[in-house]
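Inspection log for the structure reproduced underneath, given as structure tokens.
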Amino acid sequence: MEQNEIYAALPGVLLPWYEKNARDLPWRHTKEPYRVWVSEIMLQQTRVEAVIGYYERFMEAFPTVQALAEADEARVLKLWEGLGYYSRARNLQKTAKLLTETQNGAFPDTAEALEKLPGIGAYTAGAVASICFEQPAAAVDGNVLRIIMRMTADGRPIDLPQVKKEIGEALCKVYPKGHCGAFTQALMELGACVCTPKSPKCEVCPTQSFCRAYTAGNVTKYPVKRPKAAKKTEERTVLLLECNGRFAVEKRSKTGLLAGLWQFPNVPQKLDAQIAVQTAQSFHTDPKELMLETHKTHIFTHIRWEMTGYVIRCNAMSEAFTWASLAEIEHDFALPTAFRQFSDELKTL
Numbered sequence: 001m002e003q004n005e006i007y008a009a010l011p012g013v014l015l016p017w018y019e020k021n022a023r024d025l026p027w028r029h030t031k032e033p034y035r036v037w038v039s040e041i042m043l044q045q046t047r048v049e050a051v052i053g054y055y056e057r058f059m060e061a062f063p064t065v066q067a068l069a070e071a072d073e074a075r076v077l078k079l080w081e082g083l084g085y086y087s088r089a090r091n092l093q094k095t096a097k098l099l100t101e102t103q104n105g106a107f108p109d110t111a112e113a114l115e116k117l118p119g120i121g122a123y124t125a126g127a128v129a130s131i132c133f134e135q136p137a138a139a140v141d142g143n144v145l146r147i148i149m150r151m152t153a154d155g156r157p158i159d160l161p162q163v164k165k166e167i168g169e170a171l172c173k174v175y176p177k178g179h180c181g182a183f184t185q186a187l188m189e190l191g192a193c194v195c196t197p198k199s200p201k202c203e204v205c206p207t208q209s210f211c212r213a214y215t216a217g218n219v220t221k222y223p224v225k226r227p228k229a230a231k232k233t234e235e236r237t238v239l240l241l242e243c244n245g246r247f248a249v250e251k252r253s254k255t256g257l258l259a260g261l262w263q264f265p266n267v268p269q270k271l272d273a274q275i276a277v278q279t280a281q282s283f284h285t286d287p288k289e290l291m292l293e294t295h296k297t298h299i300f301t302h303i304r305w306e307m308t309g310y311v312i313r314c315n316a317m318s319e320a321f322t323w324a325s326l327a328e329i330e331h332d333f334a335l336p337t338a339f340r341q342f343s344d345e346l347k348t349l
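Here the sequence shown stands for residues 1 to 349, numbered as in full-length UniProt numbering.
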């Protein structure tokens, strides 16, 4: 089967398969652009199972575009806590405000127009345009790339922009009129549940008969990726300063990594216990006891933090920080996962 014939065969096998095998996910009960958009942004870099709870809580707090636009940013970030990539949450609210101010909360109905909104790339634009507006707009993510590279036995690296662009263009030509949303979701579902990265379920795959990689017996050879650059490792010391049951927290700067979120005081180097206590003293906290030393690791996209945390009991609450109980930190402060793992451990003290 020629490559263009493989593309053309997809709707005919995927649509009936999807109708029988689609998972029951909360955002599939609607074609409302706002809800589909939020789900797609949350699903970036995050497993479906982890997103469901976040999605339901977010929708309960902000049921409409207008509600999100008018929300306090701190509340938005708190409800996003643990999902990571916090710029996604900020861009959600930025887009909500823009749509509320200029379009009365309505979304544009084409991928081209959607892609001009803050934080919406080609994939999300294609997903919203096809699912909500039945536009023949491809949503090409890692799942879709993997499916196509295996079916066509294409050995080009999938992280080349031109490859992704060509696949999107080829898919757009075969989108079935009136079933565009279902076709987009069928492709997503196949990649998530059947054509998986390491253990594909080829025996139940609806594309088995024309998948070139399956025929050749080398499915896991695809897709090919260019070698990743090694992550930079950074040592950090986190000061977990406690006074009368309250802990010191502070807000990060408005730019850079984890911008505008809360953190425990920390410095970008590894300090021994004595220097850590001296550092706490320099903040006018009058440290009296080093209670615990603990070690954590957090991996970002391009950097790895190796963190040493010191729990230090203090006599004074320095005005340099905000002091809060663990319950308040959990409920009111958007603490990134890098620091929240220390908070979780503090509960056991």
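We put the beta carbon where it would ideally sit given N, CA and C, even for glycine. The structure displayed is predicted, hence computed values, not measured ones.
Residue i Cβ short of 7 Å to the ligand MG heavy atom set
i	result
L43	Judged by which ligands are present, the structure shown has none, so any question about the ligand MG falls away.
Residue burial classification, residue i (beta-carbon count within 10 angstroms, cutoff 16)
i	result
S130	buried
M291	exposed
D154	buried
K164	buried
Q45	exposed
R226	exposed
residue 379	Because the chain spans 1 through 349 in this model, residue 379 falls outside it and cannot be assessed.
A113	exposed
G217	exposed
V204	exposed
Q162	exposed
T255	exposed
Q93	buried
T215	exposed
P223	buried
L152	Correcting the residue identity first, residue 152 is Thr in this sequence and not Leu. Buried.
Residue i versus the options, residue with shortest Cα-Cα distance
i	options	result
R246	G178, Q269, K225, S318	S318
L261	D332, K221, P223, A327	D332
F300	A192, L257, C205	L257
A74	I329, L346, S343	I329
A111	A122, N104, T102	A122
A213	P265, M42, L68, I148	I148
I167	N4, Q341, E345, F342	N4
V219	P33, R150, I120	R150
Y54	T255, G82, A125	G82
G12	L346, T196, N315, P206	P206
residue 351	R146, N91, A316, P63	Limits of the chain in this structure are 1 at one end and 349 at the other, which puts residue 351 out of reach.
E345	F321, A316, T322, V311	V311
E32	E19, F107, S87	F107
Y85	G119, T196, P63, R146	G119
G105	T196, S282, P63, V194	P63
F183	P265, C195, V144	V144
M1	S87, A71, Q208, V38	Q208
D109	I158, D72, V36, A50	V36
R313	D24, N244, K20, E19	N244
Beta carbon of residue i nearer than 8 Å to that of residue j
i	j	result
A324	H298	no
T100	V65	yes
P7	L240	Rather than Pro, the amino acid found at residue 7 in this sequence is Tyr. Taking 8 Å as the Cβ cut-off, Y7 and L240 do not qualify as a contacting pair.
A186	L14	yes
F210	A9	yes
E40	A127	yes
T294	G309	yes
L43	F58	no
T237	V277	no
L335	S343	yes
L117	L98	yes
K296	Q341	yes
E242	A22	no
A69	A96	yes
K347	N315	no
I52	P16	no
A229	F321	no
G191	R156	no
Task: Uninterrupted alpha helix (DSSP H) stretches inside the segment 273 to 301 (no shorter than 4 residues) - done: For secondary structure counted as the alpha helix (DSSP H) over 4 or more consecutive residues, the segment 273 to 301 holds these complete runs in sequence order: 273 to 282.
Open item on the list: Restricting to runs no shorter than 4 residues, where is the alpha helix (DSSP H) found entirely within the segment 172 to 256?
Closed with: As far as the segment 172 to 256 is concerned, its whole alpha helix (DSSP H) runs of at least 4 residues are 180 to 193, 212 to 216.
Task: Entirely enclosed beta strand (DSSP E) segments - the segment 306 to 345, minimum 3 residues - done: Correct list: 322 to 324.
Task: Contact the segment 297 to 306 vs the segment 231 to 239: 3+ CB pairs below 8 Å - done: Verdict: yes, contact present.
Open item on the list: Going residue by residue through the segment 91 to 162, where are the continuous alpha helix (DSSP H) segments of at least 4 residues, counting only ones entirely within it?
Closed with: Segments of the alpha helix (DSSP H) lying fully in the segment 91 to 162: 111 to 114, 122 to 133, 142 to 151.
Open item on the list: With three or more C-beta pairs closer than 8 Å as the rule, is the segment 194 to 209 touching the segment 254 to 274?
Closed with: The segment 254 to 274 vs the segment 194 to 209: no contact.
Task: Three or more C-beta pairs below 8 Å linking the segment 169 to 186 and the segment 131 to 145 - done: By the Cβ test, the segment 169 to 186 is in contact with the segment 131 to 145, since at least three Cβ pairs between them sit closer than 8 Å.
Open item on the list: Within 8 Å, do at least three Cβ pairs link the segment 176 to 184 to the segment 120 to 134?
Closed with: Yes: the two stretches touch, three or more of their Cβ pairs being nearer than 8 Å.
Task: Any alpha helix (DSSP H) of 4 or more consecutive residues that is wholly inside the segment 11 to 97 - done: Secondary structure remark: continuous alpha helix (DSSP H) runs of at least 4 residues inside the segment 11 to 97, in chain order: 33 to 43, 48 to 61, 65 to 70, 73 to 80.
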